[in-house]
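Worksheet for the structure shown next.
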Amino acid sequence: MSSENKDFGKNKAFLIDMTKCTGCRGCQVACKQWNQLDAEKTKFFTGEGYQNPPLMSEYTFTRIKFRDYEKNGQNEFAFYKEMCMHCNEPACASVCPVGAFVKTKEGPVTYDAKRCIGCRFCMVACPFGVPKYEWSKAFPLVRKCTGCYSRVKEGKKPACATTCVSAITYGPREEMIKEAEKRIAARPEKYLKKLYGAEEAGGTSVIYLTALPFDELGFKHVTKRPLPSYTWQALRLVPGIFLTVGSSLSLLSWFTHRKERIAKEEEMRKSGSAPKEG
Amino acid sequence: MTAAKITQVVVDEVKGYHNFVKFLIFLVGAAALASAIRFIFGLGVTTNLNDTFPWGLWISFDVVTAVPLAAGAFTLGAIVHCFHIKKLEPLVRPAIVTGFLGYSLVCVGLLLDLGQPQRGWHTMVYWNPHSPMFEVSMCIMAYTTVLFLEFLSPVCEKFGYHVPLRLLRTIEMPLVVLAASISTLHQSSLGTFFLIAVDKLHPLWYNPLLPLLFWVSAMCAGMSIITVEATMSHKYMGQPDEGELLETLAKILPCVLSFYLALRLFSLFALSEGALWDRPGLTALFVLEIVALVVPVLMLAQKKVRENGRQRATAAWLVIFGVVVNRFNVSMFGMEAPGTSYYPSFLESVVTIGIIAAHILFFVLIAKYFPIFEHHPETVDYSLPDHFHKTDNNHGHVGNEA
Ligand code: SF4
Ligand code: SF4
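Line by line, the protein sequences give chains A and B.
Take 1 as the starting number for the first sequence in the working numbering and just add one per residue.
Take 1 as the starting number for the second sequence in the working numbering and just add one per residue.
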């Protein structure tokens, strides 16, 4: 698990300013190219609006969600770039029985396809609905955004952040949060006064700035507590419970069987060595 | 004997089976075909699962529900051997057979559901103690082994292998204790699975005591299954009538069940967060689950119900139903986000029905060929192993020279 990583402020993080997004979907294209993901055959308006493809999938690790709304009597668009949040304490990594997910010290949460047994617990656990499954295959694996770990390791920015002309900033998490707060302070009329990702799921490496309330854009409502702690509060008791149940039952049976054992030994002593009589 | 002859003997034997048994064989065959389809065409085609609903019937029934239904073995083992309520001893064997079958089929179900079943062994190599799934899979492997060892007793008796039998007797108590501890862990950890689904599982079911609740209700389910099983095998298979013993069990059951209900309501009203009654469908399922467990408590509290074989079995059926509904509520209905729905596909259902059929089928066959009901405690020494040579007194001299 993420034991090697404790100082999340130094992790690389995305600051995504949705008010600066133009909906060009360059990031979607860059992601497909860098990760060599197949195209999907889609139709317009199969999803909730203009977005295409309609959902993230095994072929689509990120996508721009479109939302129309009315501002001063005019139709406007607001956007939401959906992707893996690279949580500080990822639920996916904590539940994976084989530890296929790792929170790297650089920040991205990576996935080791060679370990995965395909149980889909990560999909159940991820509060943002990120890991996707290769449903079409007989022996499917999980797919998700890896934060372009191979690029980040080499000191480069992720593909989407490199492509994006305006909305995505990439850098140490604490600096990204400071930058976001600066922008809100500078133009309070423009921004919602909250950051999505600062505290969600215990903090993530993707921080969003928006104009509209989060739920209207399709952001999920997520607890502020790191998710692994919810299971760990029960799981940490496991060795204790095992020993307690085991020893108390052993003790109990020793007592309950004692009378009988004594009686038997008594009998044996009386009749001499029993087995030879048979 | 040539192969042809053996086949002939087997065919003749099968021909002699009751039609119900033949029907079971048919269902199991159908499930085998459906699983073949899963491995050729993939999970997407075979099931109704998708990225928003990644766990379906195979997890909800074949794992999350089947495990508590197979809890009779450890519960009864502990009652009989540790609490030393010895007269229930004749029920232990059928319970162990049920448990062993149940767990083997859980493994089958899991392997079908995994994307990469050939890598199942990875859990043993790449440990992640933070994962409840890791813990459950280790426990299930360990426990299936324990049950297998316990199950070997009737097999050895059947073939008259005295040496292994004596060895098995020696490790019997440690096995019983081990079985109870391992079961406690994984029965509860199945509840821990859903603790991570904080904003997904509906508050009617989500609360931090879920693991404890799973454990207690598993014991209730286990005892009820034993009751039902003994009643049915007496009625339909001409096995000895265990009525008197079931009466004793029927006294223990309502106590554990009331404890469960008290805990359930406490955790619901004191520990749950969020709106409880916002979705009428879920409220109905919740009421169904609770009623199915309250009624048997009220029934079994009366002496005349406990003494009446039929009513007692009815109460036990209700408990089983209640626990099954509970497990489906937690793992399926409660997990569906508003506006989404999942229902199992035809092939998914065929597989699950086949797994249930396989369970009954193997139980009937084992009961037919192995001494699981003709086991009389008076003739066997079940005290803690004392001196090695003493255990075989009632079995003649065969094992003595070993
Ligand atoms: S968003 Fe989901 S997949 Fe990404 S790191 Fe967090 S828990 Fe894992
Ligand atoms: S599907 Fe793979 S990556 Fe996800 S939890 Fe299971 S083993 Fe881990």
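Ideal placement from N, C-alpha and C gives every residue a C-beta, glycine not left out.
Just so you know, these numbers come straight off a predicted model, no measurement behind them.
| Asked | Found |
| --- | --- |
| Residue-chain proximity (glycine 99 of chain B, chain A), Cβ-Cβ < 7 Å | no |
| Proximal residues of chain A, C-beta to C-beta of alanine 78 of chain B below 8 Å | Leu249 |
| Chain-ordered residues of the stretch 216-232 of chain A with a beta carbon less than 7 Å from chain B | His221, Val222, Thr223, Leu227, Pro228, Tyr230, Thr231 and Trp232 |
| Own chain residues within Cβ distance below 7 Å of leucine 114 of chain B, not counting five before or after | Gly120 |
| Endpoints, the alpha helix (DSSP H) within which aspartate 98 of chain A is located | In the sequence on display, residue 98 of chain A carries valine and not aspartate. That residue, valine 98 of chain A, is in no alpha helix (DSSP H); it is neither H nor E in DSSP. |
| Proximal residues, the stretch 64-89 of chain A versus chain B, C-beta separation under 9 Å | none |
| Amino acids of chain A, ordered along the chain, whose beta-carbon sits closer than 7 Å to that of methionine 141 of chain B | Result: empty, since nearest Cβ-Cβ is about 12 Å, beyond 7 Å. |
| Unbroken alpha helix (DSSP H) run spanning arginine 183 of chain A, endpoints | 173-186 |
| beta-carbon cysteine 116 of chain A near ligand 2 non-hydrogen atom, thresh 6 Å | yes |
| Nearest residue (CA-CA) to cysteine 24 of chain A, options A:Gly107, A:Gln51, A:Lys114 and A:Lys12 | A:Gln51 |
| Range covered by the alpha helix (DSSP H) that runs through alanine 78 of chain A | Here alanine 78 of chain A belongs to no alpha helix (DSSP H); instead the beta strand (DSSP E) covers 74-82. |
| For phenylalanine 100 of chain B and asparagine 35 of chain A, the rounded distance between their alpha carbons | 46 Å |
| CB contact below 7 Å: lysine 270 of chain A versus chain B | no |
| Three-state class that DSSP yields for arginine 25 of chain A in the structure shown | coil |
| Contact list for serine 137 of chain B against chain A, beta-carbon separation under 8 Å | Pro97 |
| DSSP state of cysteine 119 of chain A mapped onto helix, strand, coil | coil |
| Which of helix, strand or coil DSSP assigns to phenylalanine 44 of chain A | coil |
| Alpha helix (DSSP H) runs contained entirely in the stretch 153-196 of chain B, provided each spans 4 or more residues | 162-170 and 172-193 |
| Positions along the stretch 106-126 of chain A whose CB lies within less than 7 Å of some CB in chain B | Arg115, Cys116, Ile117, Gly118, Cys119, Arg120, Phe121, Met123, Val124 and Ala125 |
| Beta-carbon gap between asparagine 75 of chain A and glycine 202 of chain A smaller than 7 Å | no |
| Alpha-carbon spacing of leucine 147 of chain B relative to phenylalanine 321 of chain B, whole angstroms | 25 Å |
| CB contact below 7 Å: threonine 256 of chain A versus chain B | yes |
| Contact set between the stretch 326-356 of chain B and chain A, restricted to residues whose Cβ is under 7 Å from the partner | none |
| Amino acids of chain B, ordered along the chain, whose beta-carbon sits closer than 7 Å to that of valine 245 of chain A | Ala180, Ser181 and Thr184 |
| For asparagine 50 of chain B, three-class secondary structure by DSSP | strand |
| heavy atom of ligand 1 below 6 Å from histidine 86 of chain A C-beta | yes |
| Reference serine 233 of chain B, options B:Ala357, B:Val64, B:Pro94 and B:Leu190, closest by Cα | B:Pro94 |
| Under 7 Å between C-beta atoms of alanine 78 of chain A and leucine 192 of chain A | no |
| Short CB-CB distance (under 7 Å) between threonine 379 of chain B and chain A | Below a pLDDT of 50, predicted positions are generally treated as unreliable, and threonine 379 of chain B, at 48, falls in that range; no measurement from the model is reported. |
| Chain A contact for glycine 115 of chain B (CB, 7 Å cutoff) | yes |
| Three CB pairs or more closer than 8 Å across the stretch 285-305 of chain B and the stretch 323-332 of chain B | yes |
| Exposure label - alanine 13 of chain A; buried when at least 16 CB within 10 Å | buried |
| Cβ-based burial, isoleucine 16 of chain A [other Cβ within 10 Å; buried from 16] | buried |
| Cα-Cα separation, leucine 237 of chain A to lysine 43 of chain A | 51 Å |
| For alanine 138 of chain A, the nearest candidate out of B:Val64, B:Arg166, B:Thr46 and B:Phe61 (CA to CA) | B:Thr46 |
| Amino acids of chain B, ordered along the chain, whose beta-carbon sits closer than 9 Å to that of isoleucine 241 of chain A | Ser181, Thr184, Leu185 and Ser188 |
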